[in-house]
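Q: I have a structure here, written as structure tokens, and I will follow up with some questions on it.
2 protein chains.
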Amino acid sequence: MLMTVHEAPLSAPSCGNCQIRHRAVCARCETDELAALDAIKFYRSFEAGQTLIWSGDRMDFVASVVTGVATLTQVMEDGRTQTVGLLFPSDFVGRPGRDHAPYNVIATTDLLMCCFRKKPFEELMGRTPHIGQRLLEMTLDELDAAREWMLLLGRKTAREKIASLLAIVARREASLHLRAPQGRMAFDLPLTREAMADYLGLTLETVSRQMSALKRDGIIVLEGKRHVSVPSFDRLLEEAGDDADGGFVG
Amino acid sequence: MLMTVHEAPLSAPSCGNCQIRHRAVCARCETDELAALDAIKFYRSFEAGQTLIWSGDRMDFVASVVTGVATLTQVMEDGRTQTVGLLFPSDFVGRPGRDHAPYNVIATTDLLMCCFRKKPFEELMGRTPHIGQRLLEMTLDELDAAREWMLLLGRKTAREKIASLLAIVARREASLHLRAPQGRMAFDLPLTREAMADYLGLTLETVSRQMSALKRDGIIVLEGKRHVSVPSFDRLLEEAGDDADGGFVG
DNA sequence: AGCATTCTTTGATCTGGGTCAAGGTGGCAA
DNA sequence: TTGCCACCTTGACCCAGATCAAAGAATGCT
């Protein structure tokens with residue numbers, strides 16, 4: 002069973018540990034871990050567009066997304082920008098054992114984060130190997146996702162890139178509602194055209210043109226700029242150029 | 002899985018644990034860990050060009066590179082290929098808790114791997130949290146490297162890509178000889194032009210042209226096709242477009 | 001030595017996506 | 001209800017890198 006909706010800061014999620022457990026079952030939660038995590042956690046909320054963390058900032062906490070979407074981005078001296086991670090609810094940011102942020106973390110929608118002070122979190126990790134194991138699994142999944150994205154950035158066409166991104170967003174949105182992604186589906190894009198471009202290694206004009214092309218070709222239906230419906234998820238996957246189920250577990 | 006298995010080399014590296022510890026000092030090695038790892042390890046060697054593991058293969062071991070260089074590559078149905086990882090000595094392949102390989106692993110030079118049967122390795126990990134922690138650190142480093150590479154693939158020019166790759170190889174070669182990368186340095190490229198292209202998201206012709214351009218501009222000196230010397234490492238880093246120390250810890 | 005193979009370089013040409021520029025569109029503040 | 005501002009779309013043109021083609025090295029085999 003996947004974890005259900007998290008509530009606002011005042012009424013904390015029923016199982017704070019779920020953040021760490023990243024869509025894993027709660028059944029195995031050990032009470033003391035839960036209490037220990039509860040004791041060091043706090044919530045922060047951000048508005049769409051806000052930069053939560055600047056690259057190079059001191060970061061004295063680790064965190065996981067409760068609701069909303071954020072990006073990790075790298076910026077070159079001359080301003081070229083590449084997004085290197087998309088964070089959906091249950092995704093984790095921050096690295097035990099490093100105290101400066103290597104990326105900008107930007108809220109692309111309104112965002113609620115569940116944070117853990119790093120010091121006590123690290124201590125807790127030392128005491129309960131289980132948390133470290135979970136973190137390892139999550140990190141390995143992220144690594145796979147990053148490598149999948151390397152294929153996209155290095156070898157896919159603009160159209161395939163857009164289709165891949167839409168497929169990933171569709172999948173993640175579906176998983177938030179405990180559904181498998183298939184058939185007709187609809188969702189809101191949590192990203193501006195520019196943010197999409199930064200994730201895909203394109204310009205925003207190309208993103209816009211390819212969105213129009215996919216719409217013209219009936220792969221997607223747009224209502225407004227952000228709401229997308231996908232008549233056939235399989236068709237979308239074909240456009241994404243992925244073999245088989247093609248990809249992200251992320 | 003096609004591979005020629007030679008027997009364990011007569012003189013194994015003095016501390017097998019170092020593989021896992023990934024360039025860490027051996028001083029902290031705990032005797033029992035070492036013995037336990039020794040008990041489940043074996044060596045395999047491969048020739049340049051051999052594919053050690055095919056994507057989708059059952060993989061019943063994890064391993065680390067002792068000598069030589071290997072790549073992790075993804076291939077699309079139509080043959081487009083993207084390398085998603087470069088493995089130098091001390092780098093780790095394989096994931097506890099997954100039994101099919103997600104990438105092709107290809108030896109780009111003659112290669113010696115130190116392998117651990119997965120089952121006993123996982124059990125050992127369960128008993129000695131220390132190994133899990135080390136693996137987490139290594140995985141987080143790889144994730145950073147992958148994300149750095151995403152910036153390269155998404156936003157850098159062909160010339161910057163080549164310079165970045167040369168800088169990484171120079172750094173890794175230097176670290177094998179326990180030196181800091183700086184000033185004049187020389188090394189052999191462990192990759193063909195095609196393998197470079199696959200890692201950089203370019204064609205081999207573009208790689209060749211840009212190598213010639215960097216040579217013409219005095220950034221590098223080529224002796225033969227593979228031997229590179231770099232008169233000024235700083236100059237190379239500038240060409241790579243990295244800010245500050247720019248990058249890979251890998 | 002002669003030939004084949006594999007890797008690399010270089011040239012000529014083409015093109016997908018970038019760049020520059022000009023309008024849409026829609027939400028919201030006054 | 002108007003006007004602003006942020007976001008998005010579309011068009012015209014351009015260029016970095018792809019593609020197509022040919023011809024050098026280097027190596028190894030007979």
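Those protein sequences? They're chains A and B, same order as listed. Numbering of the first sequence is given in the numbering used here, commencing with residue 2 and proceeding in unit increments. Numbering of the second sequence is given in the numbering used here, commencing with residue 2 and proceeding in unit increments. Here a beta-carbon is modelled for each residue, glycine too, at the ideal position from N, C-alpha and C.
Taking its Cβ as the centre, do 16 or more other Cβ atoms sit within 10 Å of B/Phe234, making it buried, or is it exposed?
A: On the second sequence, position 233 is the one that residue 234 of chain B refers to. Its Cβ being crowded by 16 or more others within 10 Å, B/Phe234 is buried.
Q: Which residue's Cα is closest to the Cα of B/Gly184: B/Ala175, B/Leu144 and B/Gly127?
A: Reading the second sequence from its first residue, position 183 is the one you call residue 184 of chain B. Of the listed residues, the one whose Cα sits closest to B/Gly184 is B/Ala175.
Q: List the whole-angstrom C-beta distance separating B/Ala102 from B/Gly57, where the pair is believed to meet the contact cut-off of C-beta under 8 angstroms.
A: On the second sequence, position 101 is the one that residue 102 of chain B refers to. On the second sequence, position 56 is the one that residue 57 of chain B refers to. Contact flag correct, Cβ pair sits at about 7 angstroms.
Q: Beta-carbon of B/Gln211 versus every beta-carbon of chain A: anything under 8 angstroms?
A: Translated into the one-based positions of the second sequence, residue 211 of chain B becomes position 210. False, the Cβ-Cβ gap to chain A never drops below 8 angstroms.
Q: If B/Gly1 sits next to A/Met77, beta carbons under 8 angstroms apart, how far is it from one beta carbon to the other, in whole angstroms?
A: Because chain B is modelled from 2 through 251, residue 1 of chain B falls outside the range shown and cannot be assessed.
Q: Can you look up A/Met114 in the DSSP assignment and give me helix, strand or coil?
A: For the purposes of this step, residue 114 of chain A is taken as the residue at position 113 of the first sequence. Strand, per DSSP.
Q: Taking its Cβ as the centre, do 16 or more other Cβ atoms sit within 10 Å of A/Gly1, making it buried, or is it exposed?
A: Residue 1 of chain A lies beyond the residue range present for chain A, which begins at 2 and ends at 251; the question has no answer from this structure.
Q: Using the beta-carbon count (16 or more within 10 Å), is A/Lys226 buried or exposed?
A: As a position in the first sequence, residue 226 of chain A is number 225, starting the count at 1. Exposed is the call here.
Q: Give me, in chain order, the residues of the same chain whose beta-carbon lies closer than 7 angstroms to that of A/Phe62; leave out the 5 immediate sequence neighbours on both sides.
A: Taking the first sequence and counting its residues from 1, the one referred to as residue 62 of chain A is at position 61. These residues qualify, in order along the chain: Gly95, Cys116, Phe117, Arg118 and Lys119.
Q: Report buried or exposed for B/Arg59, applying the criterion of at least 16 other Cβ atoms within 10 angstroms of its Cβ.
A: Here residue 59 of chain B is taken as the residue at index 58 of the second sequence, counted from 1. Looking at its Cβ environment, which holds fewer than 16 other Cβ atoms inside 10 Å, B/Arg59 is exposed.
Q: Buried or exposed: which applies to A/Trp55, given that a residue is buried once 16 or more other Cβ atoms fall within 10 Å of its Cβ?
A: For the purposes of this step, residue 55 of chain A is identified with residue 54 of the first sequence, where counting begins at 1. The residue is exposed, with fewer than 16 neighbouring Cβ atoms inside 10 Å.
Q: Alpha carbon to alpha carbon, how far is A/Glu34 from B/Arg128? Give it in angstroms, no decimals.
A: Reading the second sequence from its first residue, position 127 is the one you call residue 128 of chain B. Reading the first sequence from its first residue, position 33 is the one you call residue 34 of chain A. For B/Arg128 and A/Glu34, the distance between alpha carbons rounds to 19 angstroms.
Q: What is the DSSP secondary structure of A/Glu224, reduced to helix, strand or coil?
A: Position 223 of the first sequence, counting from 1, holds the residue named residue 224 of chain A. Three-state result, A/Glu224: strand.
Q: Do we get a CB-CB distance below 8 angstroms when we pair A/Val252 with the residues of chain B?
A: Residue numbering for chain A in the displayed model covers 2 to 251; residue 252 of chain A lies beyond these limits and cannot be assessed.
Q: Show which residues of chain A have a CB atom less than 7 angstroms away from the CB atom of B/Leu137.
A: Here residue 137 of chain B refers to the residue found at position 136 when the second sequence is read from its first residue. Those are Gly133, Leu136, Leu137 and Thr140, listed as they occur along chain A.
Q: Among B/Gln51, B/Pro232, B/Lys162 and B/Ala168, which has the Cα closest to the Cα of B/Tyr200?
A: In the second sequence, residue 200 of chain B corresponds to position 199, counting from 1. For B/Tyr200, the nearest C-alpha among the options comes from B/Lys162.
Q: Closest to A/Leu152 by CA distance: which of B/Tyr44, B/Gly86, B/Leu137 and B/Glu240 is it?
A: Position 151 of the first sequence, counted from the first residue, corresponds to residue 152 of chain A. Selected option, being the one with the closest Cα: B/Gly86.
Q: Between B/Val229 and B/Ile221, how many whole angstroms is the CB-CB distance? I'm expecting something under 8 angstroms.
A: On the second sequence, position 228 is the one that residue 229 of chain B refers to. On the second sequence, position 220 is the one that residue 221 of chain B refers to. That belief holds up - the Cβ atoms of B/Val229 and B/Ile221 are roughly 5 angstroms apart, short of 8 angstroms.
Q: Which residue from A/Glu224, A/Trp150, A/Ala214 and A/His178 puts its Cα closest to that of B/Gln75?
A: As a working note, residue 75 of chain B is residue 74 in the second sequence. Checked all of A/Glu224, A/Trp150, A/Ala214 and A/His178; the closest Cα to B/Gln75 is A/Trp150.
Q: In three-state terms, what does DSSP make of B/Phe234?
A: Your numbering for residue 234 of chain B matches position 233 in the second sequence. It is helical.
Q: With a floor of 4 residues, list each alpha helix (DSSP H) that falls wholly inside the stretch 29–106 of chain B, ordered by position along the chain.
A: 32–41
Q: Check distances from the C-beta atoms of the stretch 140–170 of chain A to those of chain B and list, in chain order, the residues that come in under 7 angstroms.
A: Thr140, Leu141, Glu143, Leu144, Asp145, Ala147, Arg148, Trp150, Met151, Leu152, Leu154, Gly155 and Arg156
Q: For B/Ala181, name the three-state secondary structure that DSSP assigns.
A: Start at 1 with the first residue of the second sequence, and residue 181 of chain B comes out as number 180. Of the three classes helix, strand and coil, the one that applies to B/Ala181 here is coil, per DSSP.
Q: So, with DSSP's three-state summary, where would you put A/Asp199?
A: The count along the first sequence starts at 1 and reaches residue 199 of chain A at position 198. DSSP places A/Asp199 in helix when its eight states are reduced to three.
Q: Give the straight-line distance between the Cα atoms of A/Arg210 and A/Arg217, rounded to the nearest whole angstrom.
A: In the first sequence, residue 210 of chain A corresponds to position 209, counting from 1. In the first sequence, residue 217 of chain A corresponds to position 216, counting from 1. Note on geometry: alpha-carbon atoms of A/Arg210 and A/Arg217 lie some 10 angstroms from one another.
Q: In the DSSP assignment, find the unbroken alpha helix (DSSP H) run with B/Asp189 in it and report its ends.
A: As a working mapping, residue 189 of chain B is identified with position 188 in the second sequence. Boundaries around B/Asp189 are those of the beta strand (DSSP E), Met186 to Asp189, since no alpha helix (DSSP H) includes it.
Q: Do you know offhand how far A/Lys157's Cα is from A/Met186's?
A: By 1-based counting over the first sequence, the position of residue 157 of chain A is 156. By 1-based counting over the first sequence, the position of residue 186 of chain A is 185. Between A/Lys157 and A/Met186, the C-alpha separation is close to 24 angstroms.
Q: When the Cα atoms are used, what is the spatial distance from A/Leu88 to B/Gly219?
A: In the first sequence, residue 88 of chain A corresponds to position 87, counting from 1. In the second sequence, residue 219 of chain B corresponds to position 218, counting from 1. Cα to Cα, A/Leu88 sits roughly 43 angstroms from B/Gly219.
Q: Counting only the same chain and skipping the five closest in sequence on each side, list residues whose C-beta sits under 7 angstroms from that of B/Phe188.
A: By 1-based counting over the second sequence, the position of residue 188 of chain B is 187. Short of 7 angstroms from the beta carbon of B/Phe188, and not among the five residues preceding or following it, lie these beta carbons of its own chain, in chain order: Val170, Ala171, Glu174 and Val229.
Q: Taking Cβ-Cβ distances shorter than 7 angstroms, what residues in chain A pair up with B/Arg202?
A: Within the second sequence, numbered from 1, the residue matching residue 202 of chain B stands at position 201. It should be noted that the sequence gives Gly, not Arg, for residue 202 of chain B. Ordered by position in chain A, the residues that pass the 7 angstroms Cβ test against B/Gly202 are Leu154, Gly155 and Arg156.
Q: Near B/Thr110, which residues of its chain fall below 7 angstroms by C-beta distance, leaving aside the five closest residues on each side in sequence?
A: Residue 110 of chain B sits at position 109 when you count from the first residue of the second sequence. If we look at B/Thr110 and ignore the five residues flanking it on each side, its Cβ neighbours are Ala49, Gly69, Val70 and Pro191.
Q: With respect to the alpha helix (DSSP H) encompassing B/Thr140, which residues constitute its N-terminal and C-terminal limits?
A: In the second sequence, counting from the first residue as 1, residue 140 of chain B sits at position 139. The continuous alpha helix (DSSP H) containing B/Thr140 extends over residues Pro130 to Arg156.
Q: May I ask you to list the residues that DSSP assigns as paired with A/Ala159?
A: Numbered from its first residue, the first sequence carries residue 159 of chain A at position 158. DSSP output for A/Ala159 lists no bridge partner at all.
Q: Determine the chain A residues that contact B/Gly57 at a beta-carbon separation under 8 angstroms, and present them in chain order.
A: Indexing the second sequence from 1 puts residue 57 of chain B at position 56. By Cβ distance, chain A contributes nothing, its closest Cβ being about 10 angstroms from B/Gly57, past 8 angstroms.
Q: Can you list, in chain order, the residues of its chain whose CB lies under 7 angstroms from that of A/Ala159, leaving out five sequence neighbours each side?
A: For the purposes of this step, residue 159 of chain A is taken as residue 158 along the first sequence, with counting starting at 1. Correct list, in chain order: Leu203, Thr207 and Gln211.
Q: In whole angstroms, give me the CA-to-CA distance for B/Ala214 and A/Glu123.
A: Residue mapping note: residue 214 of chain B aligns to position 213 of the second sequence, counting from 1. Residue mapping note: residue 123 of chain A aligns to position 122 of the first sequence, counting from 1. When rounded, the distance between both Cα atoms is 48 angstroms.
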